[in-house]
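What follows is one structure encoded as structure tokens, with my remarks underneath.
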Amino acid sequence: MSHKGDILISQRINQIIKYYVLDLPDKHEIVYTTNPLFGDYSSNIAFLLAKIQDRPAIEIANELTSKLAKHDEFSSVKVAGKGFVNFVLSDKLLLSEINAALEQNFGRVDLGKNIKVLVEYISANPTGPLNVVQARAGAFGNALVDLLRFVNYDAVSEFYINNTGTQTDLLYESFLARINEFNGKNADIPEQGYHGIYLQDIAKEFKKNKVPEEKWRESLMSRMITMQKHSLLNFGVNFANFAEESNYIPLRELVLEKLKDFTYRKEGALWFRASDFNDTEDRVLITANGRPTYFLSDLAYHWDKFDRGFEYLINIWGPDHHGYIARMKGGLTALGFDASKLIIIIAQQVSLLRNQEKIVMSKRAGEFITLDEVITEIGPDALKFFLLMRRASQHLEFDLALAKKTSQENPVYYVQYAYARINSILKLANEKNINSANLSDMTMTATESERNLIKIIIRFPEVIKMAANNYEPHHLIYYLIDLATIFHKFYESVRVVTNDMRTSSARIFLCRATRRVIKDTLEIIGVSAPEKM
RNA sequence: GCGCCUGUAGCUCAGUUGGAUAGAGCAUCGGAUUUCUAAUCCGAUGGUCAGGGGUUCGAAUCCCUUCAGGCGCGCCA
């Protein structure tokens, strides 16, 4: 029996069934079950064959079961319901599989084959502090990159900085208004400008330090970018690259040249025939007053992404950008790229509440809770964990007061506590010179809590696969909570360090395996694993 | 009006891509510690999966429809 660490239990069972059923239907599934009445894993094979062979499912299930029951991978194979084939894994199989849990590549299912993927997220305008809504994209993108790397994608993270255009002009005008204010005049911030108090502080500082006026604009911009980068660092969200819009200005001309068969002039503006590419209407590339739109500069940027050799581009956008998907795909198709290689994940909105009351946030009006404030209040680990608990497509309600108040019962502490507990046990075992055994050599009979712990650990590769294939890190969170729950129960029901060397070393092995899986998973989602709490 | 997301226990959410008797946490009530961390464990209460129709061995999941909430529909980003 080989232990590669990335072999799924469901595949193992599938192989055995295949021995008896040569043409397995595509829809055949081996699923783990949550109800102990249905065994550990279950197959729907009989239902699928029933259709093909035009025989009752129960009959097929019975025939197959009598053959499968002979294999020592299973302690029982039973037919249930109208034809489910339910497997209870044998201790022999469990003990041999669990050994893979301490191997180097455990869970690192090779889905990516080292393909290059660029994941772009947050990409906030450099016009103010990052807010908590952008934190969701940050936590998500950060986890997704690490998850993809875990399954052997060559995934790279990138933050795109819109350092040219209308919004940066507005930022500067808003800043100048604050300078006026400092000089005792009316502030007169443009209506669409940025009203946040941070510009007041920077204006004061620039005046105080006598920053020369010709440097204001540039210094202001770099100040904003530095501020955002500092918040990201504080949050523990990392980027391999920061791409600046200003670098892609020359490429815009090439985009226009290449698109020229798909563009036309109307009312002074240059339009792209997006409606020929599945969009609902045509879109402007250059406005009547000669300014390039974001659309144009985004096309240039994405062209460059493909040029850099990335096979897939994953963008994480806010819900307000979903109307933008069709034109981007259309534009890239017109440029000659395969638009299906652009994968857009919409991270739905975050509603921030405090004591069950919605906090209304408007960036331009300067009313928002910053990322830094929330991190100070509840810490980066709890924030990431909360933000990652929901599917991206799910609207997220986040009550600050609640997150702070219940921090003692917060699921992130529950998981971290399991990790800290294990370290404490292993420390004691180490003092007593007890080492862990190789469990495949053991003939032990697992107790129920040990059995459950083994089962969930060897399921880790399947969870990783599901999360990575669907770009859904939240599966990892739920897995962690389940794993911690089962570990805590194990801890309560059996003692690890005892006088019985043989039992102790087997249980220490289980502790080490649990610790390893918790640590790997926490690392993917970007949450720390404390040695003690 | 059109498009996207959502509707599952009192609250916040999962639900293995169509599987069996729909699950967690929080909240509420009741228990457990001379033993490796009680930030833990055990038990109880709690459901018309928004409503209706359809597809089939089988639907919270797929299709149609109605209702409700959020977001988007600029020569803004």
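The first sequence begins at 2 in this note's numbering and counts up by one.
Backbone N, C-alpha and C fix where the C-beta goes; we use that ideal spot for every residue, glycine too.
Just so you know, these numbers come straight off a predicted model, no measurement behind them.
Taking just the CA atoms, how far does residue j sit from residue i?
{"i": "Ser3", "j": "Ile61", "result": "Any reading at Ser3 must be qualified, since the residue scores a pLDDT of 33, below 50, and its modelled position is unreliable; no value is offered."}
{"i": "Pro251", "j": "Ile526", "result": "38 Å"}
{"i": "Phe488", "j": "Tyr302", "result": "47 Å"}
{"i": "Val110", "j": "Ile455", "result": "19 Å"}
{"i": "Phe510", "j": "Ser298", "result": "55 Å"}
{"i": "Val86", "j": "Thr515", "result": "30 Å"}
{"i": "Glu358", "j": "Gln350", "result": "16 Å"}
{"i": "Glu30", "j": "Asp170", "result": "57 Å"}
{"i": "Glu254", "j": "Met534", "result": "57 Å"}
{"i": "Glu192", "j": "Val256", "result": "33 Å"}
{"i": "Asp521", "j": "Ile457", "result": "15 Å"}
{"i": "Ser124", "j": "Trp217", "result": "23 Å"}
{"i": "Lys306", "j": "Phe243", "result": "12 Å"}
{"i": "Asn279", "j": "Arg328", "result": "8 Å"}
{"i": "Ser11", "j": "Gly194", "result": "57 Å"}
{"i": "Glu432", "j": "Lys83", "result": "54 Å"}
{"i": "Tyr480", "j": "Tyr313", "result": "27 Å"}
{"i": "Ile482", "j": "Arg137", "result": "20 Å"}
{"i": "Leu536", "j": "Ile17", "result": "Any answer about residue 536 is impossible in this case: the structure gives the chain only from 2 up to 534."}
{"i": "Glu121", "j": "Leu233", "result": "14 Å"}
{"i": "Leu523", "j": "Arg392", "result": "17 Å"}
{"i": "Lys79", "j": "Asp147", "result": "40 Å"}
{"i": "Lys209", "j": "Gly139", "result": "35 Å"}
Do residue j and residue i count as a contact pair if the criterion is CB distance below 8 Å?
{"i": "Ile317", "j": "Phe75", "result": "no"}
{"i": "Asp41", "j": "Thr34", "result": "yes"}
{"i": "Pro474", "j": "Leu389", "result": "yes"}
{"i": "Phe296", "j": "Asp283", "result": "no"}
{"i": "Tyr472", "j": "Leu145", "result": "yes"}
{"i": "Val495", "j": "Glu451", "result": "yes"}
{"i": "Ala178", "j": "Ile190", "result": "yes"}
{"i": "Thr128", "j": "Leu96", "result": "no"}
{"i": "Leu260", "j": "Leu336", "result": "yes"}
{"i": "Leu271", "j": "Thr281", "result": "no"}
{"i": "Ile162", "j": "Glu245", "result": "yes"}
{"i": "Glu1", "j": "Leu119", "result": "No answer is possible for residue 1: the residues shown for the chain start at 2 and end at 534."}
{"i": "Leu353", "j": "Phe387", "result": "no"}
{"i": "Ile519", "j": "Ala419", "result": "yes"}
{"i": "Asn132", "j": "Val238", "result": "no"}
Between which residues of its own chain and residue i is the CB-CB distance below 6 Å, once the five residues before and five after are set aside?
{"i": "Gly6", "result": "Bear in mind that a pLDDT of 49 at Gly6, under 50, signals an unreliable position, so the number given afterwards is only what the model happens to contain. Cβ neighbours of Gly6 beyond the five flanking positions: Ala101, Glu104, Asn106, Phe107."}
{"i": "Arg355", "result": "Leu401, Ala402"}
{"i": "Leu221", "result": "Phe176"}
{"i": "Asp155", "result": "Asn115, Lys117"}
{"i": "Glu532", "result": "Asn424"}
{"i": "Gln135", "result": "Ile123, Ala125"}
{"i": "Leu484", "result": "Ile457"}
{"i": "Ala430", "result": "Val498, Ile509"}
{"i": "Leu69", "result": "Val78"}
Which residues share a DSSP beta bridge with residue i?
{"i": "Asn87", "result": "Ser43, Lys79"}
{"i": "Ile315", "result": "Val120, Ile344"}
{"i": "Arg284", "result": "Phe273"}
{"i": "Lys267", "result": "Ala270"}
{"i": "Asp111", "result": "Paired residue(s): none; Asp111 is not in a bridge."}
{"i": "Leu255", "result": "Partner(s): none; Leu255 has no beta bridge."}
{"i": "Phe243", "result": "Phe160"}
{"i": "Lys359", "result": "Leu354"}
{"i": "Glu398", "result": "Ser352"}
From this set, the options, which residue's C-alpha is nearest residue i's C-alpha?
{"i": "Ser529", "options": "Val413, Arg513, Ile287, Arg460", "result": "Val413"}
{"i": "Arg13", "options": "Leu94, Ser425, Ala447, Glu532", "result": "Leu94"}
{"i": "Asn470", "options": "Ser43, Ile344, Arg253", "result": "Ile344"}
{"i": "Thr371", "options": "Ile435, Lys259, Tyr199", "result": "Tyr199"}
{"i": "His323", "options": "Leu148, Asn436, Ala348", "result": "Ala348"}
{"i": "Met467", "options": "Val32, Ile379, Tyr20, Leu131", "result": "Val32"}
{"i": "Ile376", "options": "Asn453, Gly331, Asp339, Phe236", "result": "Phe236"}
{"i": "Asn500", "options": "Ile435, Leu65, Ala70", "result": "Ile435"}
{"i": "Ile478", "options": "Ser276, Thr448, Lys385", "result": "Lys385"}
{"i": "Arg517", "options": "Ile459, Lys490, Ser341", "result": "Ile459"}
Ordered along the chain, which non-local residues of its own chain (more than five positions away) have a Cβ less than 7 Å from that of residue i?
{"i": "Ile465", "result": "Gly108, Val110, Phe151, Val152"}
{"i": "Asp308", "result": "none"}
{"i": "Ala383", "result": "Ala404, Ser408, Asn411, Val413"}
Could you pull out every residue in the same chain whose Cβ sits closer than 8 Å to the Cβ of residue i, ignoring the five residues on either side in sequence?
{"i": "Ser91", "result": "Asp73, Glu74, Phe75, Ser76"}
{"i": "Glu219", "result": "none"}
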